[in-house]
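Residue numbers for the sequence shown follow the working numbering, beginning at 1016 and rising by one. For reference, the structure discussed in these notes is given below.
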Amino acid sequence: MRAGKLRCRVQIQLATKVADSAGTLIETWATVASNWWADIQPVRAREYVQGNQVQSDITHTVQMRYFAGFTARHRIVWAGRVFNVVGKPINVGERNRWHEFTAVETTV
């Protein structure tokens, strides 16, 4: 991976659970890193009907600088768009330099 390909500055977010005033656990997203360099490339798109609404999602391949502890519980945000990690991110070459993973951007 050439660093020059990393043109997207993303935020890395982690799902956390917090209790509201009634004690109910609510999932929220906390930003754990900002201005992280990544390359986001679309791979395929599809449309489907769910709940009498047409929805679409776009699958991307993402390569980014290594982030220790990065898992499928994380997501990335770029330019107001949210990319959910699918599966386990790969530590390319096991050298702790790059992560590569599939992400799905869902739009309604």
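Even for Gly, the Cβ is constructed at its ideal location relative to N, Cα and C. None of the values given here were measured: they were computed from a predicted structure.
ask   = How do the region 1086-1100 and the region 1059-1067 stand: do at least 3 beta-carbon pairs fall below 8 Å, yes or no?
value = no
key: Sequence-distant residues of its chain with Cβ nearer than 8 Å to Lys1103 (five each side left out)   = Thr1086, Ala1087 and Phe1116
key: Inter-residue spacing [alpha-carbon to alpha-carbon] between Glu1042 and Trp1113   = 28 Å
ask   = Contact check, Val1025 vs Met1079 under 8 Å by CB: the rounded distance?
value = 7 Å
query = Val1056 to Leu1021, Cα distance in whole Å?
reply = The displayed chain sequence assigns Gln, not Val, to residue 1056. Those two C-alpha atoms are separated by around 11 Å.
request  = To the nearest angstrom, report how far apart Trp1051 and Gly1108 are at their CA atoms.
outcome  = 20 Å
task = Could you round the C-beta distance between Ile1091 and Ala1030 to whole angstroms and report it? I think they count as a contact, below 8 Å.
result = Between Ala1030 and Ile1091 the Cβ distance is about 13 Å, and since that is not below 8 Å, they are no contact.
inquiry  = So for Gly1019, helix, strand or coil by DSSP?
reply    = helix
key: Extent of the continuous beta strand (DSSP E) to which Glu1109 belongs   = Run containing Glu1109: none; DSSP gives neither H nor E here.
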